[in-house]
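Student: Have a look at this one before I ask anything.
In structure tokens form, the structure reads like this:
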């Protein structure tokens, strides 16, 4: 269940308790979001809740923080009649969801996303997990939230860079599934990026449109054995870019670069209609997102990192590649396309420049 309602976070205790009845609630957030929203949310639960925090940032999505959170919950006496409330961006949602998936073999949790990336992508679909030194999201579980409760008003406090990073996932949704949504998103970008655009009607429409696309895909393939793989467009190279940058690039920024490279790769392989990569790059440019591989990142290292990605099969990496805006290639291979490293390397080098805008 997904609920989108301005002001919802002020009444979070009552809302969450209706969808995830529990004796006690563990609220998990990061230090930044806790100061803005989580402390207030905890008060709405009363004495039944305890707030747990982790430092902010992708570097904190680790097995060590998973272990610390579970140990702290055990020390506080949380039992199987407990539930977890994840308040934050994708890092918090993934980490708290993994705690919920594994704590006493699984307890309910509710996603309360506070970033655009989390609202339209990370909170939807039940993927949870942590990063390892070998790569992103390599340890995790599928664990569906009892509900996703979205208050678009919290985007008012989201830094502009984080907002732009979220737009990358909206552009992705248009490329993989809906050309009309892609065009509407590109047209709406000036309004979305304008002052107060984060809480505008245009933003509400974007959130609803992206969620509808992702829910349709996830419902058909909840455990990513086929169609759901198309949601990985931009992520095979993007995860490598993100990791190799030392997480200096935000997830959405890295995915933007990944989409630019992978759409070029699709054209080079004869899978995509000519001009597809140009339209992807145009959309990213309008969103003021990066679309070139920084020269500080070695292209050969990037391709080597893709070998440790979850999408590698028999030493060949599978990509999700478009055939046109709104349509993906690979139906005959369950939506994963095995690509030789040499072809991927050529595309990455083609998209490399001295610096990312």
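Residue numbers (the numbering used here): 1 to 357.
Beta carbons: idealized from backbone N, C-alpha and C, even for Gly.
I'd like to know whether the C-beta atoms of residue 99 and residue 84 end up nearer to each other than 8 Å.
Tutor: The residue you call residue 99 lines up with position 99 of the chain shown. The residue you call residue 84 lines up with position 84 of the chain shown. Against a cut-off of 8 Å, the Cβ pair of residue 84 and residue 99 comes out as a contact.
Student: How far does the alpha helix (DSSP H) with residue 91 in it extend, from its first residue to its last?
Tutor: Here the question's residue 91 lines up with position 91 in the chain shown. Residues 90-102.
Student: Roughly how many angstroms lie between the CA atoms of residue 278 and residue 304, to the nearest whole one?
Tutor: The count along the chain shown starts at 1 and reaches residue 278 at position 278. The count along the chain shown starts at 1 and reaches residue 304 at position 304. Their backbone Cα atoms lie some 26 Å apart in a straight line.
Student: Cutting at 6 Å between CB atoms, please list the residues of its own chain near residue 140, excluding the five before and the five after it.
Tutor: Here the question's residue 140 lines up with position 140 in the chain shown. Here the set comprises 98, 128 and 129.
Student: Note down the Cα distance separating residue 66 from residue 95, rounded to an integer number of angstroms.
Tutor: Numbered from its first residue, the chain shown carries residue 66 at position 66. Numbered from its first residue, the chain shown carries residue 95 at position 95. Each residue's alpha carbon lies about 7 Å from the other.
Student: My assumption, with CB atoms under 8 Å, is that residue 289 sits in contact with residue 339. Please give the rounded CB distance.
Tutor: Taking the chain shown and counting its residues from 1, the one referred to as residue 289 is at position 289. Taking the chain shown and counting its residues from 1, the one referred to as residue 339 is at position 339. No, residue 289 and residue 339 are not in contact; Cβ-Cβ is about 23 Å, not under 8 Å.
Student: Would the segment 159-179 and the segment 208-226 be scored as touching if the rule is three or more Cβ pairs under 8 Å?
Tutor: These segments touch.
Student: Kindly give me the distance between the Cβ atoms of residue 248 and residue 280, rounded to whole angstroms, as I take these residues to be in contact under 8 Å.
Tutor: Working through the chain shown from its first residue, we reach residue 248 at position 248. Working through the chain shown from its first residue, we reach residue 280 at position 280. Going by Cβ atoms, the distance from residue 248 to residue 280 rounds to 23 Å, so no, they are not a contact pair.
Student: Classify residue 301 as buried or exposed, calling it buried when 16 or more other Cβ atoms lie within 10 Å of its own Cβ.
Tutor: Counting from 1 along the chain shown, the entry for residue 301 is found at position 301. Burial call: exposed.
Student: Restricting to Cα atoms, I'd like to know which of 22, 53 and 242 is closest to residue 137.
Tutor: What you label residue 137 is simply residue 137 of the chain shown in a count that begins at 1. Here the closest residue by C-alpha is 242.
Student: Just tell me which of 31, 61 and 270 has its CA closest to the CA of residue 322.
Tutor: One-based indexing of the chain shown puts residue 322 at position 322. Cα-wise, what sits closest to residue 322 is 270.
Student: Are there 16 or more other CB atoms within 10 angstroms of the CB of residue 18, so buried, or fewer, so exposed?
Tutor: On the chain shown, position 18 is the one that residue 18 refers to. Exposed is the call here.
Student: For residue 61, which three-state DSSP category applies?
Tutor: The count along the chain shown starts at 1 and reaches residue 61 at position 61. Three-state result, residue 61: coil.
Student: Which whole-angstrom value is the C-beta distance of residue 335 and residue 226, which I expect to be below 8 Å?
Tutor: On the chain shown, residue 335 is found 335 positions in, with the first residue counted as 1. On the chain shown, residue 226 is found 226 positions in, with the first residue counted as 1. Sure, about 6 Å apart at Cβ, within 8 Å.
Student: What residues match up with residue 149 in a beta bridge as DSSP calls it?
Tutor: Residue 149 sits at position 149 when you count from the first residue of the chain shown. DSSP lists 3 as partners of residue 149.
Student: Apply the 10 Å Cβ neighbour rule to residue 223 and answer buried if 16 or more other Cβ atoms are within range, or exposed otherwise.
Tutor: Here residue 223 corresponds to residue number 223 of the chain shown, with the count starting at 1. So residue 223 counts as exposed.
Student: Tell me which same chain residues have a C-beta within less than 8 Å of the C-beta of residue 3, skipping the five on either side of it?
Tutor: Residue mapping note: residue 3 aligns to position 3 of the chain shown, counting from 1. Excluding sequence neighbours, residue 3 sits near 15, 147, 148, 149 and 150.
Student: To the nearest whole angstrom, what separates the beta carbons of residue 317 and residue 333, a pair I think is in contact under 8 Å?
Tutor: If you number the chain shown from 1, residue 317 lands on position 317. If you number the chain shown from 1, residue 333 lands on position 333. 13 Å between Cβ atoms; not a contact.
Student: Quick check on DSSP: helix, strand or coil for residue 354?
Tutor: As a working note, residue 354 is residue 354 in the chain shown. Unreliable placement is indicated for residue 354, whose pLDDT of 41 sits below 50; no coordinate value is reported for it.
Student: Per DSSP, residue 123 forms a beta bridge with which residues?
Tutor: Walking along the chain shown from the start, residue 123 turns up at place 123. In DSSP, residue 123 forms no bridge with anything.
Student: If you measure between the beta carbons of residue 380 and residue 170, is that distance less than 8 Å?
Tutor: Residue 380 lies beyond the stretch modelled for the chain, which goes from 1 to 357, so this question has no answer here.
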